[in-house]
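First residue of the sequence shown? That's 351 in the working numbering, and the numbers climb one at a time after it. Where is the CB? At the ideal position from N, CA and C, for every residue including glycine. Owing to the predicted nature of the structure, the values given are computational and were not obtained by experimental measurement. Take a look at the structure below.
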Amino acid sequence: MLSHIEDTIRQLESYHPQLTKQQDHEDFWERTLNETKSKPLHEKVEKMDYPIKQIQAYEVSYHGFDDTPIQAYYILPKDYEGKLPCLIMFHGYLGHKNSVSHYMKWLIQGYAVLAVDCRGQGRSGDYSTYTSDEMGTWVTKGILDKEEYYYRKVFMDSVRAIDFVCSRPEIDQDRIAVMGASMGGGIALAVAALDDRPKLAIADVPNLCDIGLAMKQKFEGSLMVVDQFLHRHPEWIERVYSTLTYFDNLNNCQNIKCRTRITAGLKDLVCPPMTIYGVYNLIQAPKSIEVFPFSGHDMAIIEHMDNTLAYVNEHL
Numbered sequence: 351m352l353s354h355i356e357d358t359i360r361q362l363e364s365y366h367p368q369l370t371k372q373q374d375h376e377d378f379w380e381r382t383l384n385e386t387k388s389k390p391l392h393e394k395v396e397k398m399d400y401p402i403k404q405i406q407a408y409e410v411s412y413h414g415f416d417d418t419p420i421q422a423y424y425i426l427p428k429d430y431e432g433k434l435p436c437l438i439m440f441h442g443y444l445g446h447k448n449s450v451s452h453y454m455k456w457l458i459q460g461y462a463v464l465a466v467d468c469r470g471q472g473r474s475g476d477y478s479t480y481t482s483d484e485m486g487t488w489v490t491k492g493i494l495d496k497e498e499y500y501y502r503k504v505f506m507d508s509v510r511a512i513d514f515v516c517s518r519p520e521i522d523q524d525r526i527a528v529m530g531a532s533m534g535g536g537i538a539l540a541v542a543a544l545d546d547r548p549k550l551a552i553a554d555v556p557n558l559c560d561i562g563l564a565m566k567q568k569f570e571g572s573l574m575v576v577d578q579f580l581h582r583h584p585e586w587i588e589r590v591y592s593t594l595t596y597f598d599n600l601n602n603c604q605n606i607k608c609r610t611r612i613t614a615g616l617k618d619l620v621c622p623p624m625t626i627y628g629v630y631n632l633i634q635a636p637k638s639i640e641v642f643p644f645s646g647h648d649m650a651i652i653e654h655m656d657n658t659l660a661y662v663n664e665h666l
């Protein structure tokens, strides 16, 4: 009776897609990282009067890729000794960093948390200008040019999140994890590939994986707006697909060096499991994957949350 699930998983495990990276892919990201790190962080930290007495909570801003102030919560246990391990959290598309209270399961165990509002979402603005912005949502902003594409800036904003926590004297720089789900999971994988400081990456049902296949298989989610854009502008199909190769975790995942855990739902219409396995199968670092045969784009599963707590405790 379980053979159909086992057959599906075997098929996914055997999928090894061809990379789609352009000739200047590595040079593009090296130049982007150098440009980002040449700028001052301009961090600001303000204490919050938060009604949970067992923590210290701060509102933080730091300058992202183009001097856009990125907003975040920085949360510490009230009493601690020595250096703290730190979890950097990225949210899903059109989401936000949630409430400070959302992170208490980590704080009570002695972790620090930096919960980031992605640019243009939550309380973070976006100082960028885009020459292509007709669809009114982030996934297509600047999509005709890799230099101005939205996710170029998001990935660098997220690298700057590591810069921020590494600037804090209370943080153990050897015990940093990046975590997220959906878009946040895609960001976590990208950051782990572009920066060797994280010790751990956790990406639940990650987006931005094997984007060409995702465009073919998905039926919901942000990339459907790219479909709509190309429906209007079939003359730009090749140009758009070329831009997206730079931001596809398929083309960066072999640079991941830290331990990585990924999840996939076999009924996911937003981030189809084969796109996730396409990236997972190419990661060369220590890795594991959790597969949920009857789950879609939702990891609000008790077992999964308990497993995540145990996994972080073991490896961070």
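Within this structure, are the beta carbons of Tyr461 and Leu437 separated by less than 7 Å?
-> Going by C-beta atoms, Tyr461 is nearer than 7 Å to Leu437.
If you check the beta carbons only, do Tyr412 and Glu393 fall under 7 Å apart?
-> yes
Considering Met439, what are the terminal residues of the beta strand (DSSP E) in which it resides?
-> Note, Met439: beta strand (DSSP E), 434-440.
Do Ser547 and Ile526 have their CB atoms nearer than 7 Å?
-> This sequence places Arg at residue 547; Ser is not what is there. In this structure, Ile526 lies closer than 7 Å to Arg547 by Cβ.
What did DSSP end up calling His581 once you bin it into helix, strand or coil?
-> helix
For Ile587, count neighbouring Cβ atoms within 10 angstroms of its own Cβ and tell me buried if that reaches 16, exposed if not.
-> exposed
Would you tell me roughly how many angstroms separate the C-alpha atoms of Ile521 and His354, rounded to the nearest one?
-> His354 has its alpha-carbon roughly 47 Å from the corresponding atom of Ile521.
Proximity below 7 Å, CB of Phe415 to CB of Asp507 | Yes; because the gap between Cβ atoms is below 7 Å, this pair is in contact.
Endpoints, the beta strand (DSSP E) within which Ala553 is located | 550-554
Burial state of Thr481 (16 or more Cβ within 10 Å) = exposed
In whole angstroms, what separates the C-alpha of Gly442 from that of Glu585?
-> 30 Å
For Lys387 versus Gln406, is the C-beta spacing smaller than 7 Å?
-> no
Excluding sequence positions up to five away, which residues of its chain have a Cβ less than 6 Å from the Cβ of Pro435?
-> Closer than 6 Å at Cβ, skipping near neighbours: Tyr461, Asp522, Arg525, Leu666.
7 Å Cβ cutoff met for Leu383 and Met624 | Between Leu383 and Met624, the CB-CB gap reaches or exceeds 7 Å.
Per-residue DSSP class, three states only, for Leu352 = coil
Whole-Å CB distance - Val504 paired with Arg469, under 8 Å assumed | With a Cβ gap of about 6 Å, Val504 and Arg469 count as contacting.
Is DSSP giving Lys455 helix, strand or coil here?
-> helix
Alpha carbon to alpha carbon, how far is Ile359 from Leu352? Give it in angstroms, no decimals.
-> Taking the straight line from one Cα to the other gives about 11 Å.
Beta carbon of Phe447, beta carbon of Tyr423: below 7 Å?
-> The sequence as given places Lys at residue 447; Phe does not occur at that position. Contact flag set, yes.
Nearest-angstrom Cα distance between Gly530 and His583?
-> 32 Å
Endpoints, beta strand (DSSP E) assigned at Asp495 | Element bounds for Asp495: n/a, residue is neither H nor E.
Closer than 6 Å by C-beta to Ile606: which residues in its own chain qualify, once you throw out the five before and the five after it? Chain order, please.
-> Ala542, Ala543, Ile633, Ala635
Which one of Cys621, Asp417, Met398 has the shortest CA to CA distance from Glu409?
-> Met398
Quick one: using the 10 Å Cβ neighbour count with 16 as the cut-off for buried, is Asp554 buried or exposed?
-> buried
Which whole-angstrom value describes the C-beta separation of Arg611 and Ile552, a residue pair presumed to lie in contact below a C-beta threshold of 8 Å?
-> 5 Å
According to the Cβ coordinates, are Lys736 and Cys608 closer than 7 Å?
-> This structure leaves residue 736 out entirely; the chain is present only between 351 and 666.
Would Leu391 pass as a contact of Asp513 if the rule is Cβ separation under 7 Å?
-> Pairing Leu391 with Asp513 gives a Cβ-Cβ distance under 7 Å.
Cα-Cα separation, Gln471 to Ile420 | 10 Å
Output the distance between the C-alpha atoms of Ile626 and Val466, rounded to the nearest integer angstrom.
-> 23 Å
Look up Ala564 in the DSSP assignment and say whether it is helix, strand or coil.
-> Helix.
DSSP state of Asp524 mapped onto helix, strand, coil | strand
Under 7 Å Cβ to Cβ from Lys617, same chain only, skipping five residues before and after it: list those, please.
-> Phe644, Ser645, Gly646
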